[in-house]
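Reading through the structure tokens given below for one structure.
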Amino acid sequence: MKRHIIKRRGREGAAAVEFALVSLPFFVLILAILEIAVVLTVSALLETATLNSGRLVRTGQVSQTMTQAEFKAEICERMLVFRSQCMGRLFLDVRPVNTFSNPLVPDPIGKNGQGKTVFDEEQTAFQPGQPRDLMVVRVWYRQPTMTPFLNQAMSRVSGDTLLHATSAFRNEPY
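Residue numbering for the sequence shown follows this note's numbering, beginning at 10 and increasing consecutively.
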């Protein structure tokens, strides 16, 4: 019987090549997981800030003399670690409505001439209402994202992920 001798090739660089093939998708996945965590944290903070700031409207603590910028600063104060860039990323709409079942509030999100989604601040208002008015407080926050596939899966305006929170209530008889 003849024995066949098989010569093995050198495998010194195989681990480096395998790591190079697997590392890019792995690090993109890790970045996406971290970005999702940041987006969910910002979303939770935005919901809480909207509810707590809406309470100021509901109880009459937001007077008719308060400006939209002052109310925006009030919301941003409640955004904790994200408050430094909040003023430039936050949009709000506070207005009385006739009914909650069909509030008839304009949608500030639309398309521009190139088909890109844009936010039209002229469709927003700041009217804290009178005692016993039905109110809607809507807040939008633009959160930048970097992960390519995550960008496509989220609602986007001007390249950023658009987060939204709403609070509807009846003003107290203050």
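Yeah, the Cβ is synthetic: ideal placement off N, Cα and C, and Gly gets one too.
Considering just the uninterrupted stretch of the alpha helix (DSSP H) at residue i, what are its terminal residues?
i	result
S32	A23 to R67
F80	Q77 to E86
Determine whether the beta carbon atoms of residue i and residue j lie at a separation below 8 Å.
i	j	result
A41	T156	yes
V71	P137	yes
L54	M88	yes
L101	T133	yes
L65	S176	no
R98	R179	no
Roughly how many angstroms lie between the CA atoms of residue i and residue j, to the nearest whole one?
i	j	result
G220	F135	The chain is shown from 10 up to 183; residue 220 falls before or after that span and cannot be answered.
L43	R12	56 Å
F28	V127	41 Å
D169	N107	33 Å
R67	E181	6 Å
A46	A174	18 Å
L33	A78	43 Å
Q139	R92	29 Å
Give me the DSSP bridge partner(s) of residue i.
i	result
Q152	T170
T175	R147
F135	V103
Which residues bound the beta strand (DSSP E) around residue i?
i	result
R104	L99 to V106
G119	I118 to K120
F128	T126 to F128
Please check the pair residue i and residue j, which I expect to be a contact at CB under 8 Å, by giving their CB distance rounded to whole angstroms.
i	j	result
V145	R104	6 Å
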